[in-house]
Structures are given as C-alpha cells and as structure tokens.
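K.L.:
My questions all concern the structure below.
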Amino acid sequence: MNPSLRSLASVVLVGVSLSSGVSAQTIWFVDDDNCPGGTGTQLDPFCDVQDAIDASVSGDEILVAAGSYGCVNYNGKNVRVVSLAGPDVTTTGGILFINGEGPTAVFDGFTVLGSCTPANNGIRCSGTSPTIANNIIRNHKAGSGAGLYMFNGSSPTILFNTFNDNDAQPTSGKGGAMYISASTPKIEGNVFFRNWAFEDSGGGYGGALYITGSTVELVSNLFDSNWSFDTFSNRGGAIYAINSTLRLRGNTFVDNRSWDGESPFLPPGNVIPGEGGALHLNSCVTTVVNNVFWNDSATSGQEIFVSKGVLNISYSDVELGLPGIAGSGAVNWGAGMVVTDPLLDGSRHLTASSPLIDAGTPLSEFGGVDGDEDPRVLDGDADKVARVDVGWDEWNPTSLTLTGDGALGTSIDLWTEGSPGQVYALAVSFGTGERKYKNFGAILIAPGGLQIVGNGIVPATDSFAIPVMSSLVGLTAYFQSVAISAGQGVGAFSRRVAVTLH
Ligand SMILES: [Ca+2]
Ligand SMILES: [Ca+2]
Ligand SMILES: [Ca+2]
Ligand SMILES: [Ca+2]
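Numbering of the sequence shown is given in this note's numbering, commencing with residue -9 and proceeding in unit increments.
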C-alpha cells in the first residue's frame, strides 16, 4: 500500500486540531553539541541538563538531544526531563530527588551512569515522589541500592526501566538494583536483569531489591538472573523484604539464585546456604497474584522462603509447587495455582503455546498495560473471553513498531503485524487514555483528536511526514494499532508507542 499522501494530510490535520491545546509552559532545549552552552532555545540549546533545570520553573519541559550529560539535581523543580533520541544514545551522571519533588517531576529516557554523591547510588530519592520512566540504570556499584536508593517517606513511580548489572557491595550487600526503606513506591513494567547483592563478610540480601519497613506495589516486572552471593548467608536471589507489606501482581521470576554453592572466598568444600531463590520474606504480609516463579535456585525454598509473616498466593505458577516454598511463616496456597513450564522464549515472553495464556485470575483487578506495554487484558486464546495471563507478559499477536526520532520535517514509519488474514487500523493522538473494548483490550491513546492514519491487511508499514509546525514542538505523539479477524469477533489492540516531536 502507499499511504504517504493520505497520512501526511492526516497528520497536518491532527497538528492543526491540537495546536490550541499547547500549554503556556516553557520548553527548554539541551544538547552537548553546543557547549559551553546557549540560552536554552531550540537554536541555541544549553550544554548540560542541570543548566536547564536551573533556568526552569515547575511545569516546564526540558528536551534533551543525544549526548552525554552530568549529574542532575532537580532542586525541587517539578519539571519533565525527556530525552529525544532515547537511552541508548543519551546518558547522564547520577540523579537526585531530595527536595520535595512530586509526580510531575519526570525523568524519562536516559541511561544513568555515575552518581551525584559519595555513596555512589545512581538515583537517590529522599522524601520525594518523582516519576522515573523508560531509563536504563546499569553498572552501578554501592553498598546498598546501587541503582536506586530511596528512603525517608519516598513514594516514586518507577515505570518501564531496565536495571541491569548493578552490584550491592562491598559494605552491606543489600539490593543490587534498589534499596527501599520507609517508603511506598509503585514499581511497574521494569526489567531487573543480572543484579547482585555481593558481599564477602556480612550477608547478601536481595540481588535486585532490598525492602525494609515499606509498602511496595510490584506490577508486571521481570526479575531475571539476579543473585544474592555471599560468604556466609544469602537471602532472596531477587528480593529480600523485612517488616513490610508487599503486593505482587503479574511479575515473572526466572533464573534468580540465592547462592547455594561453594564459597569463592573460602577453601573448597565450604558450601554457603541460600534461602529463597526468588523471594525471601521476613515478617511481611505479602499478597501474590498472577506471578511466575520458575527455575530459581536456593538451598532452602527454591522459589520462596517465608521466615515469619504471611504469604497469600493465588493464580500463580510455582516450580515444584508448595515444596518450592520453605520457611516457618504461614503460606495460604489459594485458587488457580499451577505447576507448569511457562514455555518462555529467550526474552522471557510467553510463546503461543504457553499454558499461562488466559490462565490468570478471572477477577477484573487488572487493567493498564503489561511489562512490554501491551494492553491488559487480552483474549490470548481467541475464545472470545478476555482473561489475564500469568506473569509480566500479556501474550499479544498484534504488534506495532515505530522508527523515527520525531524531528519536524522527518518521517515516522510504523510497522503493524498480526495474525494472517487480519485487517488492521492505526491511529495517532497527542494524549493517553484507557477505554476498554470487551475482548480486544483497550484504546490507550486519548480519544480527543484521535485520527486514523493507516489501515489494510497485516503486516503493513505506514509511513508519513511530520509537518514543520512550531506548535507541535514538545508534544508527544502516541500511536496504536488494532488487528481483528473480520466476522469472527477476535483480535487485539497493539501496544502504544510514542515519540516526542521537536
Ligand atoms: Ca549531542
Ligand atoms: Ca480467552
Ligand atoms: Ca490474556
Ligand atoms: Ca506482551
């Protein structure tokens, strides 16, 4: 098909229809190609992100070009800081939220390297509730919470980040990716891969997360190959929690390990005991619904160790079943429990033959999106009844991929795939929403100003140009497809993909 002319006309129409909605906020620009720095306009950007923060007031937006930037201290400014080209080509030093920032302080689309403080944590939150989304936080090393350290009544929202290869060592070995004390975070859609709590003297607790005195909501996260690894004792390959209330909905734990082999620091034959390959729960009240625990490893409690407290678990897949859970705490083995190979692919997504498709709770507590931003809930087995899948991934035969960086005057390509013979439609809008459609999932883009910019038979690419209109700068365009089998009443909405125009 040849949609370019129609699509171009549609996007111009969208631009015109939404131009009246642009707010009076200031949009600042940053690019390390313009050092030592200008005035923060698009033609004369600041050199560093901190320069833009210093110039901004709450409500402003800061658009950051590809490049390498220093430590960022929000200094109480509730501003949205977003990278234009994504985390693979845009790096910062550490990030500080320590002056009362709220949910509209947004940090979106960077790789965090380095730290702002001698404690060496990548990100620190003290008494704040920022939104931290779509970042890569990797290769940090600090005694506790190498990637992110939160304490003192923080309640951040942590969305769709990747935490990998962070290492809690050497002084305490608590939480390679994250340390959570006296806080109430929401942690959704993140990937925790190969983080370590590594200590050669005191104990390795929580390869990915260490949680104390907190109330934590974990939704649709993947915990893959995290380790607690110490000379003397190991607790929680992925998560160690003490004196906390946890609610886990739709997470997947696979290949985590609370080290149960010989010590690397002691003479041969000295085997270290590990408790809880995925979770170690000490005096917690924990509710687990729709989670996968598979192929984790420990001396005691291959999947979960409950040391005092209560674990209520339902509609989840636990390798070994009840024997995969050890400890003296109470375990309430609820409805819908299964013991079955989840048949994950190499990226830990469900495959078409997985027994976990449409095997989750029949209750309607799930909404929003899964760990790769597909709509929850979808009818994955095409029986005209939508039911949630078990684990971080909702299986979806409809996919949408975006290519393009959103610069005015350039093109965006969108590739829609679906099941053979399905028809599709592709839409764009400049806001988000959630309107559910029975068995098809949900429209996740705002209905106001929504325009259809492609349709036909899958698979197909729609390609079109962004008009050169200054009123579009700073707006985020959200795209979503739906593919359906005509006459059969089955199909699904794709994930939502986005690009910020500049
Ligand atoms: Ca640059
Ligand atoms: Ca179904
Ligand atoms: Ca489903
Ligand atoms: Ca999915």
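C-beta: ideal position from N, C-alpha, C; glycine also.
On a predicted model such as this, the values are computed, not experimentally measured, just so you know.
Enumerate in chain order the residues of its own chain whose CB-to-CB distance from serine 234 is below 7 Å, with the five nearest sequence positions on each side excluded.
P.N.:
Counting from 1 along the sequence shown, the entry for residue 234 is found at position 244. The answer, listed in chain order, is Ile201, Thr202, Gly203, Ser204, Thr205, Val206, Cys274.
K.L.:
Would tyrosine 305 and valine 380 qualify as a contact pair, given that the criterion is a beta-carbon distance under 8 Å?
P.N.:
Within the sequence shown, the letter at position 315 stands for residue 305. Within the sequence shown, the letter at position 390 stands for residue 380. Yes, these two residues count as a Cβ contact at 8 Å.
K.L.:
Nearest to leucine 398 by alpha carbon, out of Leu462, Pro257, Gly112?
P.N.:
Taking the first residue of the sequence shown as position 1, residue 398 is located at position 408. That would be Leu462, whose Cα lies nearest to the Cα of leucine 398.
K.L.:
What whole-angstrom Cβ distance do glycine 326 and glycine 291 have, given they're in contact under 8 Å?
P.N.:
Within the sequence shown, numbered from 1, the residue matching residue 326 stands at position 336. Within the sequence shown, numbered from 1, the residue matching residue 291 stands at position 301. The Cβ separation is near 21 Å, so there is no contact.
K.L.:
Check each candidate in Val480, Asp98, Arg114, Gly99 and name the one with the smallest Cα separation from leucine 387.
P.N.:
Numbered from 1 along the sequence shown, position 397 holds the residue referred to as residue 387. Residue identity differs from the one stated: residue 387 is proline in this sequence, not leucine. Checking every option, the nearest Cα to that of proline 387 belongs to Val480.
K.L.:
What runs of the beta strand (DSSP E), each 3 residues or longer, lie entirely inside the segment 30 to 61?
P.N.:
Qualifying beta strand (DSSP E) stretches, in chain order: 51 to 54.
K.L.:
Keeping to the same chain, check which residues put their C-beta closer than 6 Å to that of glycine 11; ignore five residues upstream and five downstream.
P.N.:
For the purposes of this step, residue 11 is taken as residue 21 along the sequence shown, with counting starting at 1. Because the pLDDT of glycine 11 is 43, which lies under 50, any placement of that residue in the model is unreliable, and the number read from its coordinates should be weighed accordingly. For glycine 11, where only same-chain residues beyond five positions count, there are no Cβ hits under 6 Å.
K.L.:
Can valine 20 and valine 54 be called in contact, C-beta distance under 8 Å?
P.N.:
Sequence index remark: in the sequence shown, residue 20 carries index 30 (1-based). Sequence index remark: in the sequence shown, residue 54 carries index 64 (1-based). In this structure, valine 54 lies closer than 8 Å to valine 20 by Cβ.
K.L.:
For proline 365, name the three-state secondary structure that DSSP assigns.
P.N.:
Within the sequence shown, the letter at position 375 stands for residue 365. If DSSP states are grouped into helix, strand and coil, proline 365 belongs with the strands.
K.L.:
State the CB to CB distance for the pair glycine 198 and phenylalanine 153, rounded to an integer number of angstroms; the pair is presumed to be in contact (CB under 8 Å).
P.N.:
Taking the sequence shown and counting its residues from 1, the one referred to as residue 198 is at position 208. Taking the sequence shown and counting its residues from 1, the one referred to as residue 153 is at position 163. Position check: residue 198 holds alanine in this sequence, whereas glycine was assumed. Between phenylalanine 153 and alanine 198 the Cβ distance is about 7 Å, and since that is below 8 Å, they are a contact.
K.L.:
Can you name, in chain order, every residue of its own chain whose Cβ lies under 7 Å from the Cβ of glutamine 478, other than the five neighbours on each side?
P.N.:
The sequence position of residue 478 within the sequence shown is 488, counting from 1. Result list for glutamine 478: empty, nothing under 7 Å.
K.L.:
Taking just the CA atoms, how far does serine 318 sit from aspartate 403?
P.N.:
Translated into the one-based positions of the sequence shown, residue 403 becomes position 413. Translated into the one-based positions of the sequence shown, residue 318 becomes position 328. So the alpha carbons of these two residues sit roughly 56 Å apart.
K.L.:
Under a criterion of Cβ closer than 7 Å to any non-hydrogen atom of ligand 1, which residues qualify, in chain order?
P.N.:
Residues with a Cβ closer than 7 Å to any heavy atom of ligand 1, in chain order: Asp21, Asp22, Asp23, Ala55, Ala56, Gly57.
K.L.:
Check whether the Cβ of glycine 370 sits closer than 7 Å to any heavy atom of ligand 3, and report yes or no.
P.N.:
Numbered from its first residue, the sequence shown carries residue 370 at position 380. Correct: glycine 370 has its Cβ closer than 7 Å to ligand 3.
K.L.:
Which of the three DSSP states is assigned to serine 460 in this structure?
P.N.:
If you number the sequence shown from 1, residue 460 lands on position 470. DSSP places serine 460 in helix when its eight states are reduced to three.
K.L.:
Assuming the contact rule is C-beta atoms closer than 8 Å, glycine 84 and serine 105 should be a hit. Round their C-beta distance to whole Å, please.
P.N.:
Stepping through the sequence shown from its first residue, residue 84 is reached at position 94. Stepping through the sequence shown from its first residue, residue 105 is reached at position 115. Right, the Cβ-Cβ distance comes to about 4 Å (below 8 Å), so this counts as a contact.
K.L.:
Going by Cα to Cα distance, which pick from Val329, Ser215, Leu353, Asp250 is closest to serine 223?
P.N.:
On the sequence shown, position 233 is the one that residue 223 refers to. Nearest C-alpha to serine 223: Asp250.
K.L.:
From the DSSP output, in three-state form, read off phenylalanine 430 for me.
P.N.:
Within the sequence shown, the letter at position 440 stands for residue 430. Phenylalanine 430 falls in the helix class under three-state DSSP.
K.L.:
Would you kindly check if the distance between the Cβ of valine 443 and the Cβ of valine 418 is under 8 Å?
P.N.:
In the sequence shown, counting from the first residue as 1, residue 418 sits at position 428. In the sequence shown, counting from the first residue as 1, residue 443 sits at position 453. Yes, the Cβ-Cβ distance between valine 418 and valine 443 is below 8 Å.
K.L.:
Under DSSP, the beta strand (DSSP E) around glycine 481 begins and ends at which residues?
P.N.:
Numbered from 1 along the sequence shown, position 491 holds the residue referred to as residue 481. Taken as a continuous stretch (DSSP letters only), the beta strand (DSSP E) holding glycine 481 covers 480 to 483.
K.L.:
Between which residues of its own chain and alanine 476 is the CB-CB distance below 6 Å, once the five residues before and five after are set aside?
P.N.:
Numbered from its first residue, the sequence shown carries residue 476 at position 486. Counting only Cβ-Cβ distances below 6 Å, and skipping sequence neighbours, we find Val413.
K.L.:
Report the rounded CA-to-CA distance for aspartate 38 versus isoleucine 315, giving the unit in angstroms.
P.N.:
The residue given as residue 38 occupies position 48 in the sequence shown. The residue given as residue 315 occupies position 325 in the sequence shown. One C-alpha to the other measures close to 50 Å.
K.L.:
How is leucine 312 classed by DSSP in three states: helix, strand or coil?
P.N.:
Here residue 312 is taken as the residue at index 322 of the sequence shown, counted from 1. In this structure, leucine 312 counts as helix in the three-state DSSP scheme.
K.L.:
Taking the straight line between their C-alpha atoms, what separation do you get for asparagine 211 and aspartate 331?
P.N.:
Residue mapping note: residue 211 aligns to position 221 of the sequence shown, counting from 1. Residue mapping note: residue 331 aligns to position 341 of the sequence shown, counting from 1. Rounded to whole angstroms, asparagine 211 to aspartate 331 spans 19 Å at the Cα level.
K.L.:
Could you please give me the residues that DSSP links to isoleucine 17 through a beta bridge?
P.N.:
The residue you call residue 17 lines up with position 27 of the sequence shown. Isoleucine 17 pairs with Glu51.
K.L.:
Shorter than 7 Å, the distance from the beta carbon of aspartate 44 to the closest heavy atom of ligand 4, or not?
P.N.:
By one-based count along the sequence shown, residue 44 stands at place 54. The answer is no for aspartate 44.
K.L.:
So the beta strand (DSSP E) serine 401 belongs to, where does it begin and stop?
P.N.:
Counted from its first residue, the sequence shown places residue 401 at position 411. Run containing serine 401: 401 to 407, per the beta strand (DSSP E) assignment.
K.L.:
My output table needs one value for aspartate 360: the three-state DSSP class, helix, strand or coil.
P.N.:
Here residue 360 is taken as the residue at index 370 of the sequence shown, counted from 1. Correct three-state label for aspartate 360: coil.
K.L.:
Whose C-beta lies closer than 6 Å to the C-beta of leucine 103 among residues of the same chain, with five residues either side of it excluded?
P.N.:
Taking the sequence shown and counting its residues from 1, the one referred to as residue 103 is at position 113. These residues qualify, in order along the chain: Thr81.
K.L.:
Taking the straight line between their C-alpha atoms, what separation do you get for proline 502 and tyrosine 195?
P.N.:
This structure leaves residue 502 out entirely; the chain is present only between -9 and 492.
K.L.:
Of the choices Gly324, Trp385, Gly311, whose alpha-carbon is the least far from that of proline 345?
P.N.:
Here residue 345 is taken as the residue at index 355 of the sequence shown, counted from 1. Among Gly324, Trp385, Gly311, the Cα nearest to that of proline 345 belongs to Trp385.
K.L.:
Per DSSP, what are the beta-bridge partners of methionine 140 in this structure?
P.N.:
Numbered from 1 along the sequence shown, position 150 holds the residue referred to as residue 140. Looking at the DSSP assignment, methionine 140 forms a beta bridge with Cys115, Ile170.
K.L.:
Please classify serine 58 as buried or exposed, where buried requires at least 16 other C-beta atoms within 10 Å of its C-beta.
P.N.:
Within the sequence shown, numbered from 1, the residue matching residue 58 stands at position 68. Classification for serine 58: exposed.
K.L.:
Please state whether the Cβ-Cβ distance between phenylalanine 97 and isoleucine 126 is less than 8 Å.
P.N.:
As a position in the sequence shown, residue 97 is number 107, starting the count at 1. As a position in the sequence shown, residue 126 is number 136, starting the count at 1. Cβ distance not < 8 Å, so phenylalanine 97 and isoleucine 126 don't count as in contact.
K.L.:
Ignore the nearest five residues each way along the sequence and tell me which others in asparagine 156's own chain have a CB closer than 6 Å to its CB.
P.N.:
Here residue 156 is taken as the residue at index 166 of the sequence shown, counted from 1. The residues are His130, Ala136, Gly137, Gly166, Ala167, Asn185.
K.L.:
Which residue's Cα is closest to the Cα of leucine 67: Gly60, Leu74, Ile43?
P.N.:
Reading the sequence shown from its first residue, position 77 is the one you call residue 67. Before going further, note that residue 67 is lysine rather than leucine in the sequence given. Here the closest residue by C-alpha is Ile43.
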